[in-house]
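Residues in the sequence shown are numbered from 459 upward in steps of one, following the numbering used here.
Below is one structure, written out as C-alpha cells, with a few remarks after it.
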Amino acid sequence: MEAQDLQQLTFALDTFYLLVCGALVMWMAAGFSMLEAGLVRAKNTTEILTKNIALYSIACITYLAIGYKVMYPDPSPAYAADANFFFQVVFVATAMSIVSGAVAERMKLMSFLVFCVVLSAFIYPVQGLWTWGGGMIANWGFVDFAGSSIVHLTGASAALAAVILLGPRSGKYLSDGSINALPGSNMPLAALGTFILWFGWFGFNGGSQLALGSVDDANAIARAMVNTNTSAAAGTIAALLFTKLLWKKADLTMILNGALAGLVAITAQPVTPEPWQASVFGFVAGLIVVLSIIALDKLHIDDPVGAISVHGVVGIFGTLLVPITDSSASFMIQFAGVATIFGWVFACSFIIWTILKLTVGIRVTKEQEYVGLDQVDCGVEAYPEFTSQK
459 MEAQDLQQLT FALDTFYLLV CGALVMWMAA GFSMLEAGLV RAKNTTEILT KNIALYSIAC
519 ITYLAIGYKV MYPDPSPAYA ADANFFFQVV FVATAMSIVS GAVAERMKLM SFLVFCVVLS
579 AFIYPVQGLW TWGGGMIANW GFVDFAGSSI VHLTGASAAL AAVILLGPRS GKYLSDGSIN
639 ALPGSNMPLA ALGTFILWFG WFGFNGGSQL ALGSVDDANA IARAMVNTNT SAAAGTIAAL
699 LFTKLLWKKA DLTMILNGAL AGLVAITAQP VTPEPWQASV FGFVAGLIVV LSIIALDKLH
759 IDDPVGAISV HGVVGIFGTL LVPITDSSAS FMIQFAGVAT IFGWVFACSF IIWTILKLTV
819 GIRVTKEQEY VGLDQVDCGV EAYPEFTSQK
C-alpha cells in the first residue's frame, strides 16, 4: 500500500472511530436522565427529564456557536474537523448534566438553562483552552486523559456553587439538625441509567485516545476499555461491601454511585495502569464516594444524586492518582491543575448563580416545591396515577 493510501485509510479510520465514540458519549445523556429520574421524587420526574434534554440541546448549539472557538481557536486534528467538534461537544454536555442532578427538585428551570448557556459558551471552554486546548495548564505538564477534572470536576464545581446558594430541599434537614431521607421514586430507572453511563464511558475513555490507526493506538484503546470496566466493577463491589458493613443493608443508591466513582477515578488516566491497579483505584473510589456523600449530608449540603461526591471529590482523587502509573505526570502539577480548574469554575459559577439569584431568582417557592416541579414547570406528570390529587 502506498504511503498516500495508508494516510487516507488512517484518516478515515480515526474519523470513524471518533464519531462512534462520540455517539456513545452522547448516549450518556440518556444515562444521566434515567439516573436522575430514578433518584428524584415522582413529582419532579418530568421536570428533570425536560431539563436533561434541554441542557443537552442548549450545550450543543452554544458550544457550536461560541464555546468551540474559545476552546480551540485554531484546531488542526489528524482526522475530520467535524469529528473533533462532535466528540468535544458531547463532553461539555456531560459536564452540564452533572449540575442537573445536584440542583434537582428546587431550582427554577429557566434559570438553570440560562446558566447552561454561560457554562457551555465560556466557563467550560476557557478551562478547556488551558488544558486540552494547549494552554497554560497543559504547558505545566498536567495530565487528564479523558477528563476527571476537565469534565467531571468542572461540572461538580459549578454544581457546588449552585447548591450553596440554592440551599437544601424543604424537609431535608430538620430543626434539630437531623437528616431526613427523601428517597428516589424509581430504582429500576436509576440502575438502568447507571448501566447506560457505564456503557457510554467506553466511548468517553476509549475515544479519548483520538486515534485507531496504529498498533500502539489499538493497544491503548483496549487497555483503556479494560481498565474502565475494571475500575467501575471494583467501585461497585467496594460500595456494596462498605454499605453492608455500615448499615447492614446493601444500599443500591450508594452502590450505583460506587460504580460511577470507579468510572470517574480511572478517567484521568485509563491507559497506563495495569488492570489490577485499576481495580485498586476503583475500589478506593467506591469507598471515598460513600464517605463523601455521608460527609456532605452532615454538612447540610443537599445533593439528591450524589453528583458532587462522584464527579468532584472522586474527580480530584482520580486526577491525583495519575503520577502513580504515568511517569510524565507529577503530583504537584496535578494538584496545581486541579486547584486552578476548581478555582476558575467555582468562582465564575458562583458569580453567575448569584447574578441569577438577585435578578430572576434561582429557587422555586415553597408552595411550588411542595406541589412538585412537574406541575409547576411542565404541566405533565410522569406518574399521574400516583401523584395526582383527587
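In this text, a Cβ means the ideal position worked out from N, Cα and C, and glycines have one as well.
| Check | Outcome |
| --- | --- |
| Completely contained beta strand (DSSP E) runs for the region 661-721, where each covers 3 or more residues | none |
| Pick from D472, K566, P762 that is closest to Q826, judged by C-alpha positions | K566 |
| Chain-order list of residues whose beta-carbon lies under 8 angstroms from that of F573 (same chain, five-residue window excluded) | V557, A616, A620, S807, I810, W811, L814 |
| Rounded separation between F603 and T503 - CA only | 34 angstroms |
| Burial state of D472, where buried means 16 or more other Cβ atoms lie within 10 Å | buried |
| Contact check, W659 vs T730, beta carbons under 9 angstroms | no |
| Straight-line Cα distance separating G559 from Q847 | Residue placement at Q847 cannot be trusted, given a pLDDT of 48 that sits under 50; what the coordinates show is reported in the next sentence. Computed Cα separation, rounded: 26 angstroms. |
| Per-residue DSSP class, three states only, for Y582 | helix |
| Range covered by the alpha helix (DSSP H) that runs through C574 | 567-576 |
| Inter-residue Cα distance where the pair is V601 and K501 | 42 angstroms |
| Cβ-Cβ distance between G693 and G744 below 9 angstroms | yes |
| Residues that DSSP places opposite R854 in a beta bridge | Nothing can be reported for residue 854: it is not among the residues displayed for the chain, which extend from 459 to 848. |
| Whether L587 touches Y530 by CB criterion (9 angstroms) | yes |
| Same chain, Cβ closer than 7 angstroms to G671, neighbours up to 5 away in sequence not counted | T468, L471, D472 |
| Beta-bridge pairing of Y475 - partner residues as DSSP gives them | BP columns for Y475 are empty, so no partner. |
| Exposed unless 16 or more other CB atoms sit within 10 angstroms - verdict on V575 | buried |
| Delimiting residues of the alpha helix (DSSP H) encompassing W590 | Counting along the chain, W590 falls outside any alpha helix (DSSP H), and DSSP gives it neither H nor E. |
| Sequence-distant residues of its chain with Cβ nearer than 7 angstroms to T688 (five each side left out) | P733, A736, S737, G740 |
| Three-state secondary structure (DSSP) of Y828 | helix |
| Test item: CB-CB of N663 and A495 under 9 angstroms | no |
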